[in-house]
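The structure under discussion appears below in the form of structure tokens.
There are 4 protein chains.
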Amino acid sequence: MSVRITVWNEFRHEQKNPKVSTLYPNGIHEAIASPLREKGYDVKTATLDQPMHGLNDKVLDETDVLIWWGHIAHQEVSDEIVEKVVQRVWKGMGLIVLHSAHFSKVFKRLMGTSCDLKWREANDKERLWVVQPNHPIVQGINEFIELPQEEMYGEYFDIPQPEELIFLSWFSGGEVFRSGCTYHRGLGKIFYFRPGHETFPTYHHPEIQRVLANAVEWAAPHEIKQPICGKVQALETLPSLQS
Amino acid sequence: MSVRITVWNEFRHEQKNPKVSTLYPNGIHEAIASPLREKGYDVKTATLDQPMHGLNDKVLDETDVLIWWGHIAHQEVSDEIVEKVVQRVWKGMGLIVLHSAHFSKVFKRLMGTSCDLKWREANDKERLWVVQPNHPIVQGINEFIELPQEEMYGEYFDIPQPEELIFLSWFSGGEVFRSGCTYHRGLGKIFYFRPGHETFPTYHHPEIQRVLANAVEWAAPHEIKQPICGKVQALETLPSLQS
Amino acid sequence: MSVRITVWNEFRHEQKNPKVSTLYPNGIHEAIASPLREKGYDVKTATLDQPMHGLNDKVLDETDVLIWWGHIAHQEVSDEIVEKVVQRVWKGMGLIVLHSAHFSKVFKRLMGTSCDLKWREANDKERLWVVQPNHPIVQGINEFIELPQEEMYGEYFDIPQPEELIFLSWFSGGEVFRSGCTYHRGLGKIFYFRPGHETFPTYHHPEIQRVLANAVEWAAPHEIKQPICGKVQALETLPSLQS
Amino acid sequence: MSVRITVWNEFRHEQKNPKVSTLYPNGIHEAIASPLREKGYDVKTATLDQPMHGLNDKVLDETDVLIWWGHIAHQEVSDEIVEKVVQRVWKGMGLIVLHSAHFSKVFKRLMGTSCDLKWREANDKERLWVVQPNHPIVQGINEFIELPQEEMYGEYFDIPQPEELIFLSWFSGGEVFRSGCTYHRGLGKIFYFRPGHETFPTYHHPEIQRVLANAVEWAAPHEIKQPICGKVQALETLPSLQS
């Protein structure tokens with residue numbers, strides 16, 4: 001059965017900044033969704049200003065992998081929706097966190113750290129080096145992806161040590177960054193992927209699109225036995241309790 | 001300079017259950033604090049029912065390592081204090097989380113998972129096997145610690161994969177548990193240590209006391225350069241931006 | 001395309017010990033190969049006493065995943081073949097290391113440790129607890145697998161810290177063991193799986209067979225770009241060297 | 001008691017290349033040893049062309065931490081000495097592997113991978129960014145160390161995933177590198193530290209010297225209980241075996 005994807009986007013820059021709307025006339029969410037649809041996935045989109053941010057229970061029930069892009073309105077995302085998303089991740093929904101969503105409530109809640117970093121909007125070139133070449137997320141990707149212009153994110157990036165480090169970024173201004181990081185939280189798999197500033201055509205780049213499709217495959221839940229928690233009887237005979 | 005420790009205890013069982021107050025007449029916090037004091041540490045205690053749960057800014061400012069025991073009143077810990085503790089951990093304060101504090105707000109907040117598990121109050125024997133014998137936390141500890149009676153905690157334990165796994169528990173009822181786990185969050189080091197049910201004399205056990213003292217040494221912050229985050233200038237000359 | 005598997009077996013116990021040949025009349029290799037064949041995999045077998053231990057270049061060239069069982073004759077495996085197997089793993093061949101093959105030359109060479117452990121042939125029950133329930137290797141597996149009789153392996157197990165810990169074993173004699181461990185070496189994925197003593201019907205157990213099939217899927221190489229190493233030119237303009 | 005250090009150096013470049021002997025008139029080993037001696041450590045040196053490469057049993061018995069620099073003569077190191085060093089690491093001796101010693105027999109043996117990488121002798125600037133700022137190895141170190149000229153090492157670096165990643169290098173030619181990596185093998189701690197090409201004054205840099213002193217403290221063995229392996233009796237009563 002096809003993986004069911006929901007692409008969530010803040011969708012604010014596109015309505016205010018002509019540079020962004022020129023690059024992404026249907027929104028960043030559609031630029032991400034469209035190549036995934038072409039690959040045969042079942043893709044929905046949802047945005048901040050929809051009722052319940054477009055993430056009601058039915059939508060979440062029908063989502064195997066959630067992709068999240070946000071930047072200037074993280075605080076407008078309701079805590080109730082954040083908690084629902086977190087609970088779904090714990091039950092097995094995959095989560096792909098893009099670029100400035102490092103500061104989203106959802107990501108910070110799942111990481112348990114501040115997720116702070118260095119940044120600069122300038123004229124940096126970014127080169128994303130693959131450091132785990134046999135990982136499914138980089139299937140078909142060359143030894144690096146070069147982006148002629150991107151916003152810079154630099155270390156120290158305040159995240160828990162990644163379980164797997166997939167990409168390391170080099171920036172022409174002199175910084176490095178852990179740009180592709182995987183985590184598990186509960187039964188859910190999480191992939192943080194750095195590039196994707198709204199004023200650059202990053203999501204039109206075919207290798208970025210390939211990474212996102214690979215990440216969807218990697219993060220999608222398979223058949224999982226939900227673990228049993230709570231009070232249990234002993235499996236072996238125990239001596240009787242004396243009070 | 002001596003490590004400054006604060007032992008935080010819920011301190012409720014001791015006031016209600018004679019079995020507990022017989023084992024820990026001055027409270028679990030004093031049973032933990034006393035052998036640390038004898039080793040020369042500067043040890044304070046704090047309890048739930050004190051103003052601000054005994055954790056005002058001055059106390060936290062003077063704490064290098066916080067030890068946390070809680071069980072039936074996690075919900076009574078104020079979110080404001082939880083947030084302060086989390087922020088201190090991010091700035092470098094060590095945190096040692098004991099037994100049923102797996103479900104404390106502080107630990108769940110820092111882990112980003114449910115921290116759920118299996119449990120049973122019966123007549124289990126516990127044997128904690130050392131699986132990283134050169135870790136500072138098990139310095140001087142034999143290949144296992146045996147506790148003749150303890151509450152059982154069993155897998156699946158819903159935590160992020162530990163950065164280091166120090167102890168694995170065997171229970172006579174048939175379960176296993178990841179009993180000693182380390183994490184970093186921000187600049188702070190965290191050690192979760194399983195044993196310590198209130199109705200058993202676990203904190204009077206000399207090897208348990210040794211582990212706690214070792215963990216304090218391991219978790220104590222040393223001289224740390226606080227990382228620089230936020231907007232930064234390029235370190236290398238960049239081509240000028242064209243708008 | 002179907003994953004191509006080679007099951008390598010020492011195949012000595014079966015020829016000497018009637019208890020083993022009764023349990024595994026066609027050898028442990030056939031007991032492992034047969035259920036994989038039924039699932040549609042392309043499965044070959046190879047044994048120690050064949051020319052080149054059955055692992056000539058053609059066989060290795062046509063192997064995506066190698067499964068390895070050995071016990072009493074590790075020293076008879078030629079260093080040349082060991083080196084070839086190691087090189088194939090580095091280029092992407094999956095490797096599944098079973099039970100007493102913890103002491104095989106191939107595994108020790110890839111781990112860089114002694115791989116020593118505790119053991120006992122007695123009357124132990126083993127219960128393998130799943131501690132990463134969303135891992136592909138435990139797809140379809142319940143919260144534990146119970147083996148009524150197995151050889152005991154106990155900690156301390158001298159391996160590098162596993163990248164992922166999938167199973168923890170409980171033994172009725174009082175020990176625990178890290179029973180399912182994953183590693184990467186070069187482009188190859190490695191899974192160590194503890195159970196499988198020759199005098200017990202472990203490889204006839206359907207859940208053990210399911211784990212092996214899952215592990216084959218997990219370890220099989222996909223399309224990988226071989227990394228570029230060695231001397232390279234700069235990607236950016238460097239100032240000229242002054243001697 | 002003071003940590004006992006042995007600095008091992010190939011000591012060939014210094015005798016052939018006037019550029020190297022000008023920078024390191026007493027050899028790279030003395031340049032490394034001297035600031036450690038000033039800090040109060042008990043430091044010996046050993047070189048390739050001494051009998052047994054200067055590493056007889058007595059020297060190894062009296063070494064808590066071994067520092068290793070090699071480049072053009074890895075193949076001349078005898079396999080017997082390599083095996084002795086490896087065994088000592090397994091028993092708890094710390095090992096600090098410098099720069100081109102990524103290709104030393106000792107390091108490759110302990111890693112189980114090819115340890116290959118990209119390289120270039122040109123006019124690169126290196127900036128080593130700290131990515132785990134609370135690690136003891138970077139105590140007192142600023143957010144990066146800048147080396148105006150160094151040999152470039154670039155990804156893909158074929159090592160097992162580091163247990164802890166301490167430094168990431170940025171190179172002006174466009175590459176990145178995992179420059180400070182920790183591992184455990186047996187009871188020994190290992191730190192790989194990238195910089196230190198023989199034609200540059202890297203070991204005279206005060207922050208590089210500080211990292212080496214910190215790494216010695218981190219890698220030095222403390223009181224360790226040697227694990228018990230081999231055949232053992234059950235700790236619990238087992239049902240009797242039926243044959």
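Line by line, the protein sequences give chains A, B, C and D. First residue of the first sequence: 1, per full-length UniProt numbering; consecutive thereafter. First residue of the second sequence: 1, per full-length UniProt numbering; consecutive thereafter. First residue of the third sequence: 1, per full-length UniProt numbering; consecutive thereafter. First residue of the fourth sequence: 1, per full-length UniProt numbering; consecutive thereafter. Even glycine gets a Cβ: it sits at the ideal position worked out from N, Cα and C.
Cβ-Cβ distances below 6 Å link Gln209 (chain C) to Pro35 in the same chain, with the five nearest sequence neighbours on each side left out; the list follows chain order. Judged by DSSP secondary structure, Gln209 (chain C) falls within the alpha helix (DSSP H) whose first and last residues are 206 to 219.
Not a single C-beta of chain A is nearer than 9 Å to the C-beta of Leu48 (chain B). Thr199 (chain D) is bridged by DSSP to nothing; it lacks a bridge partner. Contact of Pro18 (chain A) with chain D is not assigned, every C-beta pair being separated by 9 Å or more. For Leu23 (chain B), there is no enclosing beta strand (DSSP E); the residue is found in the alpha helix (DSSP H) stretching over 18 to 23. Between the segment 151 to 162 of chain A and the segment 213 to 229 of chain A, the count of Cβ pairs shorter than 8 Å is below three; the stretches do not touch. Chain-order list of chain A residues neighbouring Pro133 (chain D): Tyr156, by C-beta distance under 8 Å. The segment 164 to 171 of chain D and the segment 197 to 204 of chain D do not touch, with fewer than three beta-carbon pairs separated by less than 8 Å. Considering only beta carbons, the part of the segment 218 to 239 of chain D lying closer than 9 Å to chain B consists of Pro221, His222, Glu223, Ile224, Lys225, Gln226, Pro227, Ile228, Leu235, Glu236, in chain order. For Asn123 (chain D), same chain residues with a beta-carbon under 7 Å away, outside a window of 5 residues either side, are Gln149 in chain order. Spanning the alpha carbons of Leu212 (chain B) and Glu30 (chain B) requires a straight line of approximately 14 Å.
In this model, Asp49 (chain C) and Asp79 (chain C) are separated by some 15 Å (Cα to Cα). The segment 97 to 110 of chain A and the segment 129 to 140 of chain D do not touch, with fewer than 3 CB-CB distances between them shorter than 8 Å.
Proximity to Trp68 (chain B) across B:Lys91, B:Trp8, B:His99, B:Glu164 peaks at B:Trp8, based on C-alpha coordinates. Considering only D:Ser179, D:Ile28, D:Leu187, the residue with the shortest C-alpha distance to Asp158 (chain C) is D:Leu187. For the pair of segments examined, the segment 8 to 28 of chain C was found to touch the segment 56 to 70 of chain C: the number of CB pairs separated by less than 8 Å reaches three. When 7 Å is used as the limit between beta carbons, Leu168 (chain A) is near these residues of chain D: Glu155, Leu168, Val176, in chain order. Listed in chain order, the alpha helix (DSSP H) elements of length 4 or more contained wholly in the segment 141 to 195 of chain A amount to none.
Listed along chain D are Glu236, Leu238, each with a C-beta nearer than 7 Å to that of Ser172 (chain C). In the structure shown, the three-state DSSP call for Ile5 (chain D) is strand. Arg37 (chain B) counts as exposed, since fewer than 16 other beta carbons sit within 10 angstroms of its beta carbon.
Assignment of Ile67 (chain D) by DSSP, reduced to helix, strand and coil, places it in the strand class. DSSP, reduced to helix, strand and coil, places Leu48 (chain C) outside both helices and strands of the structure shown, so it counts as coil. Interface annotation, Met93 (chain C): not in contact with chain D, CB-CB separation never under 9 Å.
For Ile137 (chain B), the three-state secondary structure derived from DSSP is helix. Counting only Cβ-Cβ distances below 7 Å, Glu143 (chain A) has contacts in chain D at Tyr156, in chain order.
Distance between Asp64 (chain C) and Val176 (chain D), taken at the CA atoms: about 31 Å.
Only those residues of the segment 109 to 134 of chain B whose C-beta falls short of 8 Å from the nearest C-beta of chain C are listed: Arg127, Trp129, Val130, Val131, Gln132, Pro133. In this structure, DSSP gives Leu110 (chain B) a helical state, which the three-state scheme calls helix. Taking the Cα positions, Lys16 (chain C) is about 55 Å away from Tyr192 (chain A). Nearest Cα to His13 (chain B) within the set B:Gly27, B:Ala46, B:Val3: B:Gly27. Close partners of His184 (chain D) in chain B (Cβ separation under 8 Å): Gln132, Asn134. If you look at Asp57 (chain A), you'll find it isn't in any beta strand (DSSP E); it sits in the alpha helix (DSSP H) that goes 57 to 61. An exposed status is given to Ser2 (chain A), since fewer than 16 other beta-carbon atoms sit within 10 Å of its beta-carbon.
Annotation: Cβ neighbours of Leu187 (chain B) in chain D (cutoff 8 Å, chain order): Pro133, Asn134.
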